[in-house]
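For the sequence shown, counting from 1, position 285 maps to 638 in this note's numbering; every step adds exactly one.
Below: the structure, in structure tokens.
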Amino acid sequence: MRIYRYALLVLLSLVWVGVDPGFLGAATTPDFVTLSEQLKPAVVNINTSKTVQSRRPALPGLRGPQSDLFEDFFEHFFQGQPNRSRQQRSLGSGFIISADGYILTNHHVVNDADEIKVKLADGRSFTAELQGGDSKLDLALLKIDTGSEKLPVASLGNSESLKVGEWVMAIGNPFGLAQTVTVGIVSAKGRVIGAGPYDDFIQTDASINPGNSGGPLFNVRGEVVGINTAIVAGGQGIGFAIPVDIAKDVIAQLRETGQVVRGWLGVMVQAMTEELAASFGLKQAKGALVTEVVSGSPAEKAGVLRGDVILSVNGRVVDELNDLPKQVAALPVGESAQITVFRDGKKRRLEVMIARLSDETEIAEGGSAIDDKLGLGLVDLSPELQRRYRLEDSRGALVAAITPGGPGATAGLQVGDLIIEADGRVVVDVASLRRMAAKVPAGKVLRLLLQRRNQLLYTVIKVP
Numbered sequence: 354m355r356i357y358r359y360a361l362l363v364l365l366s367l368v369w370v371g372v373d374p375g376f377l378g379a380a381t382t383p384d385f386v387t388l389s390e391q392l393k394p395a396v397v398n399i400n401t402s403k404t405v406q407s408r409r410p411a412l413p414g415l416r417g418p419q420s421d422l423f424e425d426f427f428e429h430f431f432q433g434q435p436n437r438s439r440q441q442r443s444l445g446s447g448f449i450i451s452a453d454g455y456i457l458t459n460h461h462v463v464n465d466a467d468e469i470k471v472k473l474a475d476g477r478s479f480t481a482e483l484q485g486g487d488s489k490l491d492l493a494l495l496k497i498d499t500g501s502e503k504l505p506v507a508s509l510g511n512s513e514s515l516k517v518g519e520w521v522m523a524i525g526n527p528f529g530l531a532q533t534v535t536v537g538i539v540s541a542k543g544r545v546i547g548a549g550p551y552d553d554f555i556q557t558d559a560s561i562n563p564g565n566s567g568g569p570l571f572n573v574r575g576e577v578v579g580i581n582t583a584i585v586a587g588g589q590g591i592g593f594a595i596p597v598d599i600a601k602d603v604i605a606q607l608r609e610t611g612q613v614v615r616g617w618l619g620v621m622v623q624a625m626t627e628e629l630a631a632s633f634g635l636k637q638a639k640g641a642l643v644t645e646v647v648s649g650s651p652a653e654k655a656g657v658l659r660g661d662v663i664l665s666v667n668g669r670v671v672d673e674l675n676d677l678p679k680q681v682a683a684l685p686v687g688e689s690a691q692i693t694v695f696r697d698g699k700k701r702r703l704e705v706m707i708a709r710l711s712d713e714t715e716i717a718e719g720g721s722a723i724d725d726k727l728g729l730g731l732v733d734l735s736p737e738l739q740r741r742y743r744l745e746d747s748r749g750a751l752v753a754a755i756t757p758g759g760p761g762a763t764a765g766l767q768v769g770d771l772i773i774e775a776d777g778r779v780v781v782d783v784a785s786l787r788r789m790a791a792k793v794p795a796g797k798v799l800r801l802l803l804q805r806r807n808q809l810l811y812t813v814i815k816v817p
């Protein structure tokens with residue numbers, strides 16, 4: 354009985370510690386009324402319009418014994434007919450970052466827009482100029498001209514110091530409902546959602562909906578800690594924001610030059626597992642395992658080899674795969690950096706001269722080896738690549754690299770082309786295209802339908 358009473362007393366003590374009245378008294382709810390009144394004037398609504406080409410509808414019911422005849426006839430009949438144009442409008446949000454009219458929003462909100470309209474909290478509307486965009490981080494900088502008038506500004510905070518569980522407020526234009534305020538908490542940090550190579554999102558349960566994109570996520574001090582960007586389709590209370598600390602360097606570059614320059618190393622890597630780590634003699638499953646070194650790249654010149662495990666860059670530890678592209682991208686182009694690799698049971702330091710990352714080098718690193726049959730390097734389409742190359746389709750095989758003088762080059766294909774049909778059949782991914790190409794006899798041609806930005810093109814590629 355004494356043992357039982359003692360155990361009960363300990364348990365009750367633990368419960369009492371968990372609900373310390375002093376702690377409960379300190380956890381007061383912020384004054385969201387005053388906060389929203391102060392912050393809303395710096396938040397804007399964005400409306401865009403652009404002309405897009407509608408695809409000619411497929412012709413059903415033509416397959417069968419005489420399908421080739423019908424297909425040839427209709428292809429000839431429609432050849433040269435222009436795709437139908439239509440106006441596409443979209444809604445988004447943004448916030449003023451300087452009193453002279455610079456506005457930050459998401460790249461996907463304004464990408465390829467023919468016209469960008471910005472509506473201020475007081476109801477006035479302005480035509481905005483796109484100063485520059487960064488599809489990789491999904492950020493864009495706009496500018497409106499208000500003469501000598503000074504606009505209210507949203508102060509940029511510190512997302513690194515943001516803690517899970519902190520209150521946050523989102524203000525934006527969901528579904529066109531201007532100046533909507535929602536509140537929640539920081540649910541998690543450092544989320545990787547497959548949006549791109551630099552994923553590092555803040556997750557929040559503050560309600561974020563279509564139209565909130567590009568709007569600010571504030572802390573309780575009224576500082577921007579994130580840029581609302583993505584939601585989980587069908588998910589309740591799951592939204593994602595770009596940390597403002599990541600955005601600061603991008604803002605500076607876009608304002609100065611209209612583009613973002615990133616460092617390039619030139620390696621393909623994969624994540625480490627405990628089994629792989631043990632096989633390489635590493636005590637922990639950390640670092641990025643090099644699976645291929647791009648020919649002529651800074652990594653090759655520095656002596657990086659396949660099978661090396663990259664442990665750090667300029668002293669910053671590479672804990673996991675996603676750390677490496679973010680760390681390398683932030684390095685100054687044209688300057689040397691120290692990377693530590695693990696090879697043959699020992700750590701080695703290598704000095705590498707950082708080069709500039711281009712779209713072509715990045716997509717090639719993410720792609721597969723060149724397909725000798727077609728002379729093309731192909732990758733499956735990701736949401737980030739879809740945005741970057743301005744593609745409407747979500748399926749297909751994206752051209753990542755081309756062999757000079759090969760079948761693909763002779764056919765006029767370009768890096769960024771999306772192959773969506775082969776001989777009239779839908780190309781779902783790279784594997785499906787390769788299966789189709791494998792059935793074509795040598796010397797025959799494979800008819801391809803490509804999407805190149807907003808244009809559809811037919812071409813034929815001769816199979817060697």
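Even glycine gets a Cβ: it sits at the ideal position worked out from N, Cα and C.
Every value quoted in this text rests on a predicted model; they were computed, and no experiment measured them.
Return yes when the C-beta of residue i is under 7 Å from any heavy atom of the ligand ATP, and no when it is not.
i: A481; result: With respect to the ligand ATP, the structure offers nothing, as it holds no ligand at all.
Taking residue i and residue j to be in contact with their CB atoms under 8 Å, please state how far apart those CB atoms are, rounded to whole angstroms.
i: L710; j: L744; result: The Cβ separation is near 21 Å, so there is no contact.
i: T693; j: S650; result: Their Cβ separation, rounded to whole angstroms, is 18 Å, which puts T693 and S650 out of contact at 8 Å.
i: G769; j: V781; result: With a Cβ gap of about 19 Å, G769 and V781 do not count as contacting.
i: G454; j: L392; result: Not a contact, Cβ separation roughly 18 Å.
i: S446; j: V517; result: The pair is not a contact, with the Cβ atoms about 24 Å apart (cut-off 8 Å).
i: G568; j: D553; result: The Cβ separation is near 19 Å, so there is no contact.
i: N581; j: A523; result: 6 Å
i: I755; j: L766; result: 6 Å
i: T404; j: Q440; result: 6 Å
Can you check DSSP and say which residues form a bridge with residue i?
i: E519; result: Per DSSP, none; premise fails for E519.
i: P569; result: I580
i: R696; result: K699
i: Q691; result: E704
i: A750; result: D733, I772
i: G447; result: V397
i: I823; result: Summary: the structure shown does not reach residue 823, with the chain confined to residues 354 through 817, and so no result is reported for it.
i: A541; result: Q556
i: R645; result: The residue you asked about is not Arg; residue 645 is Glu in the sequence shown. In DSSP, E645 forms a bridge with M621.
i: L494; result: L457, G485
i: G525; result: T533
Do residue j and residue i have their beta-carbon atoms positioned less than 8 Å apart in this structure?
i: G611; j: G485; result: yes
i: N459; j: S566; result: yes
i: V613; j: V603; result: yes
i: A583; j: F571; result: no
i: D661; j: V647; result: no
i: V657; j: L703; result: yes
i: V597; j: G510; result: yes
i: I555; j: G579; result: yes
i: S402; j: A507; result: no
i: V536; j: F695; result: no
i: A641; j: L618; result: no
i: L802; j: I814; result: no
i: I595; j: D676; result: no
i: V521; j: V534; result: no
i: V783; j: D733; result: yes
Under a Cβ-count criterion, where at least 16 other Cβ atoms within 10 Å of its own Cβ denotes burial, should residue i be classed as buried or exposed?
i: M625; result: buried
i: L530; result: exposed
i: Q804; result: buried
i: G525; result: buried
i: F528; result: exposed
i: N667; result: exposed
i: Y551; result: buried
i: M706; result: exposed
i: P817; result: exposed
i: Q691; result: exposed
i: Q808; result: exposed
i: V585; result: exposed
i: L810; result: exposed
i: D487; result: buried
i: G476; result: exposed
Does DSSP put residue i in a helix, a strand or coil?
i: V603; result: helix
i: D487; result: strand
i: P596; result: strand
i: T480; result: strand
i: G796; result: coil
i: G510; result: coil
i: D733; result: strand
i: K726; result: coil
i: E673; result: coil
i: E468; result: strand
i: Q804; result: strand
i: V657; result: coil
i: R439; result: strand
i: F426; result: For F426, the predicted model reports a pLDDT of 40, less than 50, meaning its position is unreliable and no value from the coordinates is stated.
Does any residue of chain D have a CB that is nearer than 8 Å to the CB of residue i?
i: L495; result: The displayed structure is made up of one protein chain only, and chain D is not part of it.
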